[in-house]
Structures are given as structure tokens and as C-alpha cells.
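Residue numbers (the UniProt record's numbering), protein chains in the order written: chain W, 1 to 151; chain X, 1 to 151.
C-beta atoms are modelled at their ideal positions from N, C-alpha and C, and glycine is treated no differently.
Shown next, in C-alpha cells, is the structure this report addresses.
Protein chains: 2
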Amino acid sequence: MNNKNQEEYEENLSLKTFVVLTRTLQSIKERVEEDIKYLGLNPTEFAVLELVYSKGDQPIQKIGEKILIASSSITYVVDKLEKKDLIKRKPCPKDRRVTYASITTDGTELMNQVFPDHKKALKEILSGLDMKEKEELIEQLKKLGFHAQSM
Amino acid sequence: MNNKNQEEYEENLSLKTFVVLTRTLQSIKERVEEDIKYLGLNPTEFAVLELVYSKGDQPIQKIGEKILIASSSITYVVDKLEKKDLIKRKPCPKDRRVTYASITTDGTELMNQVFPDHKKALKEILSGLDMKEKEELIEQLKKLGFHAQSM
DNA sequence: TTAAAATATCTCGATTTCGAGATAAAGGAG
DNA sequence: CTCCTTTATCTCGAAATCGAGATATTTTAA
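Rendered as C-alpha cells:
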């Protein structure tokens with residue numbers, strides 16, 4: 001029966017896609033982590049700092065959505081960055097439920113210093129594909145992601 | 001200066017690739033987690049069980065390599081599975097440093113019952129791309145991963 | 001053969017993340 | 001306006017993962 005083999009092949013291919021996706025991201029993450037380790041920041045902290053650095057003040061809520069992290073975890077990460085004087089909390093005057101995370105002078109200086117190099121490093125880490133290939137990869141990944149999300 | 005724009009574009013594209021990769025995997029993981037939640041197993045536990053189910057007895061060390069998890073974490077996960085009577089530890093007679101994780105009768109019965117459906121679910125989750133596209137995606141991801149790994 | 005290096009597992013304490021629920025403020029229906 | 005629902009943040013305890021180092025065993029090299 002050919003239908004059965006076909007079905008089986010597709011199932012195995014799906015599992016393999018999942019595994020390869022996981023391993024690829026893991027490899028990339030390890031390199032990225034190495035690249036920022038010397039700052040004394042872990043990837044989550046760096047991601048939050050980067051967000052506030054490039055997008056300006058962010059409601060703590062929004063940070064969680066972008067970084068894909070639970071609300072209780074953001075509180076923790078923001079606490080850590082605040083202790084390091086890289087960001088500070090600012091109450092929102094219009095909506096007193098909201099607290100902004102805002103980058104400090106120290107934070108801005110740090111990022112001015114390291115962010116250009118970080119982007120170069122990231123480019124190197126992802127240079128296993130050329131630009132056209134990366135663009136195509138992004139398209140395919142989005143298809144995959146949207147479908148999974150909309151189930 | 002065109003070189004500068006080109007450089008900038010490539011850096012941004014790399015960052016975007018990283019972000020999309022992360023989000024795609026996250027979406028997929030969420031669905032997979034949903035699919036196995038009713039078993040009372042988290043993704044790591046399920047991955048270990050699946051490995052031992054489909055590949056036979058595994059040295060605890062090897063499990064860590066395949067599941068991409070630190071050795072101290074495997075001990076913890078294997079403990080949990082052992083408490084649930086899904087796997088058991090077996091000393092290796094040839095090398096007394098080694099302990100195998102081996103699936104139990106309960107574990108085998110459970111997996112016989114749920115694994116076919118799990119594979120179908122996974123196929124559905126990843127059906128945002130057809131088979132040819134998945135094969136190509138795997139190739140591209142491998143290129144990306146190998147390069148990152150070999151830096 | 002024996003001392004040193006390598007390997008496998010585990011222990012322990014710390015870090016990161018989570019989920020449930022508390023608190024406070026804002027928005028909406030009647 | 002008042003009550004109810006929604007939203008934003010935080011607290012707290014638990015779960016998952018890690019790294020450093022301990023222990024036991026095997027392998028290697030002199």
C-alpha cells in the first residue's frame with residue numbers, strides 16, 4: 001500500500017523538521033550567548049535591553065509579548081537589569097496600571113559601545129546562508145509558524 | 001555609500017532570521033506541548049521516553065547528547081520517569097560507569113497507545129509546508145546550523 | 001603494571017522560567 | 001454613577017535547567 005508509506009514518510013519528515021529546527025536554533029543560541037557573555041548579561045536580559053534601546057520606553061507587558069516570556073518572568077528580568085542600572089522603571093502618567101521600562105544613560109552607553117559589534121557577530125553566526133537564502137528561509141519559517149499558531 | 005547599506009541590510013536580515021526562527025520554533029513547541037500535556041509529561045520527559053521507546057536502551061550520557069540537555073538535568077528527568085514507572089535504570093555489565101535507561105512494560109504500553117497519534121499530530125502541526133518544502137527547509141537549516149556550530 | 005587522564009553519573013546550590021493568584025487601576029454595561 | 005470585567009504588574013512557591021565539583025570506573029601511556 002503506497003498511501004501508507006507516503007503517510008509514514010510525511011510523519012517522519014515532520015518529526016525530522018522539528019528536530020533539525022530545534023538543533024539549528026540551539027547552535028545559533030550558543031554562539032549568541034557566547035558573544036554577549038562577557039557583558040554579564042544572559043540572552044533574555046540582553047533581549048530586553050536591546051528592545052528598550054532600539055524601540056524606546058516599553059510597557060513591561062509589551063516586553064513580555066515581544067520576548068515571549070511570562071509576565072512573572074519579566075518582573076524578574078527587569079529587576080535584574082534595574083539592579084545593574086541599565087534600565088529603570090517609569091510609571092505611566094496616563095494609565096496608572098502601566099509601568100514603562102526605560103533605558104538609563106549607563107544602558108545607552110553600554111549599547112552604543114557593544115551593539116554594532118553584536119550585529120556583526122550575529123551576521124557571522126548566520127552566514128551559513130547567503131542573503132537570498134535567508135530571505136527564502138524566513139518566508140518558509142513564517143508559513144510554518146503561522147500554521148502552527150493558527151491551529 | 002552602497003557597501004554600508006548592503007552591510008546594514010545583511011545584519012538586519014540576520015537578526016530577523018534569528019527572531020523568526022525563534023518564534024517559529026516557539027509556536028511549534030506550544031502545539032507539541034499541548035498534544036502531550038494530557039499524558040502528564042513535559043516535552044523533555046516525552047523526548048526521553050520516545051528515544052528509549054524507538055531506539056532501545058540508552059546510556060544516560062547518550063540521552064543528554066540527543067536531547068541537548070546537561071548531564072545533571074538528565075539525572076533529574078530520568079528520576080521523574082522512573083518514579084512514574086515508565087523507564088528504569090539498568091547497570092551496564094561491560095562498563096560499570098554506565099547506566100542504561102530502559103523502557104518498562106508500562107512505558108511500552110503507553111507509547112504503543114499514544115505514539116501513532118502523536119506522530120499524526122506532529123504532521124498536522126508542521127503541515128504549513130508540503131513535503132518538498134520541508135525537505136528543502138531541512139537542508140537550509142542544516143547549512144545554517146553546521147556553520148554556527150563550527151565557529 | 002601503575003600513575004595519570006578521560007569518561008559516566010550523580011549531588012548540590014543557584015539561576016531562570018513558569019503558573020496561580022493577589023492587587024490595583026481602567027473601561028464598559030446598564 | 002455603580003458594578004462587573006478586563007488589563008497590568010507583582011508575589012510566591014514550584015519546576016526545569018545549569019555548572020561545578022564529587023565519586024567511581026575505565027583507558028592510556030610511560
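Query, Result
"Out of X/L86, X/S72 and X/V77, point me to the one whose CA is closest to X/E109's CA.", "X/L86"
"Can you tell me whether DSSP reads X/I69 as helix, strand or coil?", "coil"
"Is the segment 53 to 60 of chain X touching the segment 119 to 137 of chain X in the sense that three or more CB pairs, one from each, lie closer than 8 Å?", "no"
"CA-CA distance, X/L25 and W/P93?", "37 Å"
"Which one of W/E8, W/E50 and W/N2 has the shortest CA to CA distance from X/H118?", "W/E8"
"Does DSSP classify W/Y76 as helix, strand or coil?", "helix"
"Among the candidates W/N2, W/E82, W/G145 and W/L144, whose CA atom is the shortest distance from the CA of W/L41?", "W/E82"
"So which residues on chain W does X/L15 lean against when the C-beta distance must stay under 9 Å?", "K119, L122, K123 and L126"
"Return the residue from the list X/R23, X/N5, X/K88 and X/V78 that minimises the CA-CA distance to W/Q140.", "X/R23"
"Kindly provide the ranges of any alpha helix (DSSP H) runs that are 4 or more residues long and lie completely inside the UniProt domain \"HTH marR-type\" (14 to 146) of chain X, ordered along the chain.", "43 to 55, 60 to 67, 71 to 83 and 105 to 125"
"Of all Cβ atoms in chain X, is any one closer than 8 Å to the Cβ of W/F46?", "no"
"Does the Cβ-Cβ distance between X/T104 and X/K90 come in under 8 Å?", "no"
"Return the residue from the list W/S54, W/Y76, W/S14 and W/V20 that minimises the CA-CA distance to W/G107.", "W/S54"
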